[in-house]
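Structure first, commentary second.
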Amino acid sequence: MSDDDKQDGDRIAKVLARAGVCSRRDAEKLIAEGRVIVDGKKLDTPAFKVKAGARISVDGKPVKAAERTRLWRYHKPKGLMTTHHDEKDRETVFEKLPASMPRVISVGRLDYNSEGLLLLTNDGELARRLELPANGWLRRYRVRVFGKLMQSDLDRLQKGVVIEGVNYGPVEATMERQQGGNAWATIALKEGKNREVRKLMEHVGVKVNRLIRVSFGPFHLGLLKEGQVDEVLAKVMREQLGTMKS
Numbered sequence: 019m020s021d022d023d024k025q026d027g028d029r030i031a032k033v034l035a036r037a038g039v040c041s042r043r044d045a046e047k048l049i050a051e052g053r054v055i056v057d058g059k060k061l062d063t064p065a066f067k068v069k070a071g072a073r074i075s076v077d078g079k080p081v082k083a084a085e086r087t088r089l090w091r092y093h094k095p096k097g098l099m100t101t102h103h104d105e106k107d108r109e110t111v112f113e114k115l116p117a118s119m120p121r122v123i124s125v126g127r128l129d130y131n132s133e134g135l136l137l138l139t140n141d142g143e144l145a146r147r148l149e150l151p152a153n154g155w156l157r158r159y160r161v162r163v164f165g166k167l168m169q170s171d172l173d174r175l176q177k178g179v180v181i182e183g184v185n186y187g188p189v190e191a192t193m194e195r196q197q198g199g200n201a202w203a204t205i206a207l208k209e210g211k212n213r214e215v216r217k218l219m220e221h222v223g224v225k226v227n228r229l230i231r232v233s234f235g236p237f238h239l240g241l242l243k244e245g246q247v248d249e250v251l252a253k254v255m256r257e258q259l260g261t262m263k264s
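Each position in the sequence shown, counted from 1, maps to that position plus 18 in this note's numbering.
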């Protein structure tokens, strides 16, 4: 970035993401809907550059200057939506967080019936970086399925598969045990498309009845209890994020 670019400021979408308001993509939607105002002017383009000291508001509420980047581990229970607003008025993850926490966004999502590790951050830019499959971070799950399952079934996923025209990348899958009509397995993947694990298991002939994310990259669920949230120490965060590809 040139000195002139720095003097011009950062694009509004980046500023909103860095302040933890939302992701860059969602910021573009807010702008298109006329909900973002800078120094009294309603914006109509995400390319607008914000200078230092500018007064920004979203839906009439002032946007505070970005604080230091923070990251939390959260043990998401089953039966919560990973969204700030649900059209069916179901309870969300964010409604269950401690009131003392700042506004945060999730790093990716876990669907309504999934549970386990969900990373939360106040920095939309960081969330975007952590979600990128190019960073090579594995998302690891323990999955319980209904039906008979063998390692040979899981081995079919090693090189990736195509399901209903959608390409799914290579998957690390290990059979744990069969218990009556149910089986347990460990699944690790890098991308995390919508309902990916469930679709992969249906592809090999079984149906998921419990799905727990146990790790995301170097961050693990560990002994975190259901519904509990724990901030990652700044030192640990710097060490782990330093391993990411840029």
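C-beta: ideal position from N, C-alpha, C; glycine also.
Between the stretch 188-202 and the stretch 136-145, do at least 3 Cβ pairs fall closer than 8 Å? no
Quick one: grab the DSSP three-state call for valine 153. Position 135 of the sequence shown, counted from the start, is the residue given in the question as residue 153. Note on residue identity: the sequence assigns asparagine, not valine, to residue 153. Residue state, collapsed to three classes: helix.
Return the chain-ordered list of same chain residues with a C-beta closer than 6 Å to the C-beta of glutamine 258, the five sequence neighbours on each side being excluded. Taking the sequence shown and counting its residues from 1, one reaches residue 258 at position 240. Excluding residues within five positions, the ones whose Cβ falls inside 6 Å are Pro236.
Does any C-beta atom of chain B lie closer than 8 Å to the C-beta of asparagine 200? Looking at the structure shown, chain B is missing, and only one protein chain is on hand.
Exposed unless 16 or more other CB atoms sit within 10 angstroms - verdict on isoleucine 205: Residue mapping note: residue 205 aligns to position 187 of the sequence shown, counting from 1. Answer is buried; the Cβ neighbour count reaches 16.
Return helix, strand or coil for valine 33, following the three-state DSSP convention. What you label residue 33 is simply residue 15 of the sequence shown in a count that begins at 1. Here valine 33 sits in helix by DSSP.
Rounded C-alpha distance that separates tryptophan 202 from valine 163: By 1-based counting over the sequence shown, the position of residue 202 is 184. By 1-based counting over the sequence shown, the position of residue 163 is 145. Each residue's alpha carbon lies about 6 Å from the other.
Which residues in the same chain have their Cβ closer than 7 Å to the Cβ of alanine 72, if we skip the five residues on either side of it in sequence? Taking the sequence shown and counting its residues from 1, the one referred to as residue 72 is at position 54. Around alanine 72: Val56, Asp57.
Going by DSSP in three states, glycine 142 sits in which element: helix, strand or coil? Position 124 of the sequence shown, counting from 1, holds the residue named residue 142. Glycine 142: helix per DSSP, three-state reduction.
Classify phenylalanine 112 as helix, strand or coil using the three-state DSSP reduction. Here residue 112 is taken as the residue at index 94 of the sequence shown, counted from 1. Looking at phenylalanine 112 - three-state DSSP - the assignment turns out to be helix.
Are the CB atoms of leucine 135 and valine 232 nearer to each other than 8 Å? Here residue 135 refers to the residue found at position 117 when the sequence shown is read from its first residue. Here residue 232 refers to the residue found at position 214 when the sequence shown is read from its first residue. Against a cut-off of 8 Å, the Cβ pair of valine 232 and leucine 135 comes out as a contact.
Which residue's Cα is closest to the Cα of isoleucine 181: Val250, Asn212, Arg195, Lys253? Position 163 of the sequence shown, counted from the first residue, corresponds to residue 181. When each option's Cα is compared against that of isoleucine 181, the closest is Asn212.
Count the other CB atoms within 10 Å of the CB of leucine 251; is the residue buried (16 or more) or exposed (fewer)? The count along the sequence shown starts at 1 and reaches residue 251 at position 233. Per the 10 Å Cβ criterion, exposed.
Taking the C-alpha atoms as reference points, what is the distance between aspartate 62 and arginine 157? If you number the sequence shown from 1, residue 62 lands on position 44. If you number the sequence shown from 1, residue 157 lands on position 139. Between aspartate 62 and arginine 157, the C-alpha separation is close to 37 Å.
Buried versus exposed call for glycine 38 [16 or more other C-beta atoms within 10 Å across all chains shown]: On the sequence shown, residue 38 is found 20 positions in, with the first residue counted as 1. Buried, by the Cβ-count rule.
How would you label lysine 263, buried or exposed, when you count the other beta carbons within 10 angstroms and need 16 or more for buried? Taking the first residue of the sequence shown as position 1, residue 263 is located at position 245. Below a pLDDT of 50, predicted positions are generally treated as unreliable, and lysine 263, at 47, falls in that range; no measurement from the model is reported.
Please state the DSSP three-state secondary structure of glutamine 246. What you label residue 246 is simply residue 228 of the sequence shown in a count that begins at 1. Reduced to three states, the DSSP call for glutamine 246 is coil.
Have a look at the DSSP bridge pairing and note the partners of serine 124. Here residue 124 is taken as the residue at index 106 of the sequence shown, counted from 1. Its beta-bridge partners are Leu138.
When the Cα atoms are used, what is the spatial distance from arginine 29 to histidine 93? As a position in the sequence shown, residue 29 is number 11, starting the count at 1. As a position in the sequence shown, residue 93 is number 75, starting the count at 1. Looking at the two C-alpha atoms, the distance is approximately 34 Å.
Does the separation of the CB atoms of lysine 208 and glycine 154 fall below 8 Å? Counted from its first residue, the sequence shown places residue 208 at position 190. Counted from its first residue, the sequence shown places residue 154 at position 136. Yes, Cβ-Cβ distance for lysine 208 and glycine 154 is below 8 Å.
Once you ignore the five residues that flank proline 64 on each side, which residues in its own chain have a CB closer than 7 Å to its CB? Within the sequence shown, the letter at position 46 stands for residue 64. Answer for proline 64: Arg29, Ile30, Ala31, Ala45, Glu46, Ile49, listed in chain order.
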